[in-house]
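Structure first, then comments.
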Amino acid sequence: MDEDVARTQEVIETTEKLKRGLMQSILSFGNKENVKYLAFGDIGKVSMCKRIFKKETSDNGDIPFYKIGTFGKEPDSFISQEIFDNYRNKFSFPKIGDILLSASGTIGRKVIYDGRPAYFQDSNIIWLEHDESKILNSFLFHLYDTIKWQTEGSTIKRLYNDIFLKKIIPVPPIDKQKQIVEVLSAVDEKILINKKLKAKLTLLKKGLMQDLLSGEVRVKI
644 MDEDVARTQE VIETTEKLKR GLMQSILSFG NKENVKYLAF GDIGKVSMCK RIFKKETSDN
704 GDIPFYKIGT FGKEPDSFIS QEIFDNYRNK FSFPKIGDIL LSASGTIGRK VIYDGRPAYF
764 QDSNIIWLEH DESKILNSFL FHLYDTIKWQ TEGSTIKRLY NDIFLKKIIP VPPIDKQKQI
824 VEVLSAVDEK ILINKKLKAK LTLLKKGLMQ DLLSGEVRVK I
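All letters in the sequence shown, in the order written, are residues 644 to 864 by the working numbering.
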C-alpha cells in the first residue's frame, strides 16, 4: 500500500514538473509578430464585491462568505440570502468562468467562479472584468501562474489595483489561446486524477490500519 501511494506521488510530481516545463515553453512568446503585449488595464478593469461588514456575517447561514483566509477552502462565515441578492444585483459580481485572484496574503492564488451562490471579501479577492474577445478566462487561468507580482508593503503583502493594471502580459490570437488551454488542461486533468487516486489509497490504508488495530482483521504470521 505504501509503495502504491509513493508511486502515485511520484507520478504527480513528474507531471507537475512536465507542466512547469510546458508552461515555460509555450507561454514564452518572445517577439512573435502575432502576439500582442498588453497591460491588464488595456484589456479590462479590476472588479471586486461590495464590502461586507462583520455584523452582516454569521457562523452559519444561507450563502458562504469567503475571506482571504478561506479563499479556495471551506468557508467559516456566511451571509443571508437577502444581503446576497441585494449586493449581487446592485454591485459588481463575478460571472461564471471569471478567475478570482487573491490580492493579499499569498498573492496570486486563483479560483474559477463556478456560478454557485457565494460572496467574496472586497479588495482582498479581485477579478479582471473584461471582454473575452481579447483574452479567454481559461487562458488567463494558466497565464496567472507565470506572473511574478511586484507587491508593496512589508508586514502585509498586497496587490494594489494600479500594480495589477500596469502588468504587461502576452496576448496571442484566440485560436492560439485555445490550443494552449487544451494542452495545459489535459496535463491538469492527469494531475487531478492521480491526486484523487492518492487520496483514495491513503484513505484505504487508514481504514485497513484501523481494522488491524481494532482486531477486526487478523494477519497470519
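By construction, the Cβ of each residue, glycine as well, lies at the ideal position given by its N, Cα and C atoms.
Please state whether the Cβ-Cβ distance between residue i and residue j is less than 8 Å.
i: Asp741; j: Gln724; result: no
i: Phe721; j: Leu743; result: no
i: Ala682; j: Ile811; result: yes
i: Val689; j: Phe807; result: yes
i: Met666; j: His785; result: yes
i: Gln820; j: Ile778; result: yes
i: Ile655; j: Val826; result: no
i: Ile768; j: Ser745; result: yes
In the structure shown, what three-state DSSP assignment does residue i receive?
i: Ser797; result: Only weak support exists for where Ser797 lies, its pLDDT of 48 falling under 50; the value from the coordinates is given anyway. Coil.
i: Gly687; result: strand
i: Leu771; result: strand
i: Ser735; result: coil
i: Phe782; result: helix
i: Tyr762; result: strand
i: Ser776; result: coil
i: Ser668; result: helix
i: Tyr803; result: coil
i: Arg650; result: helix
i: Ile864; result: With a pLDDT of 48 at Ile864, under the threshold of 50, the modelled position of that residue is not reliable, and no figure is offered here.
i: Arg694; result: coil
i: Phe627; result: This structure cannot settle anything about residue 627, because the visible part of the chain is limited to 644 through 864.
i: Lys849; result: helix
i: Lys675; result: coil
i: Ile790; result: coil
Could you say which of the options lies nearest to residue i if we only look at CA atoms?
i: Asp765; options: Ile806, Ile711, Asn780, Lys662; result: Ile711
i: Ile686; options: Lys800, Thr749, Pro707, Pro813; result: Pro813
i: Arg694; options: Phe736, Asp645, Ile750, Glu656; result: Phe736
i: Arg731; options: Met691, Ile750, Asp702; result: Met691
i: Lys738; options: Ile750, Asn837, Gly758, Phe672; result: Gly758
i: Ile750; options: Trp792, Asp805, Tyr756, Phe727; result: Trp792
i: Ile755; options: Ile669, Asn729, Leu783; result: Leu783
i: Asp788; options: Ser671, Asp645, Glu646; result: Ser671
i: Glu775; options: Asp818, Asp805, Ile790, Lys733; result: Asp818
i: Glu699; options: Lys716, Tyr803, Asn729; result: Asn729
On the DSSP bridge list, what partners appear for residue i?
i: Leu681; result: Ile812
i: Lys753; result: Leu744
i: Pro707; result: Phe721
i: Ser701; result: Phe721
What whole-angstrom Cβ distance do residue i and residue j have, given they're in contact under 8 Å?
i: Val830; j: Lys662; result: 5 Å
i: Thr651; j: Leu844; result: 6 Å
i: Lys841; j: Gly684; result: Actually they are not in contact, since the Cβ atoms of Lys841 and Gly684 sit about 41 Å apart, beyond 8 Å.
i: Lys675; j: Gly748; result: Actually they do not touch by this definition, with Cβ atoms about 35 Å apart.
i: Ala761; j: Pro707; result: 5 Å
i: Phe714; j: Arg752; result: 6 Å
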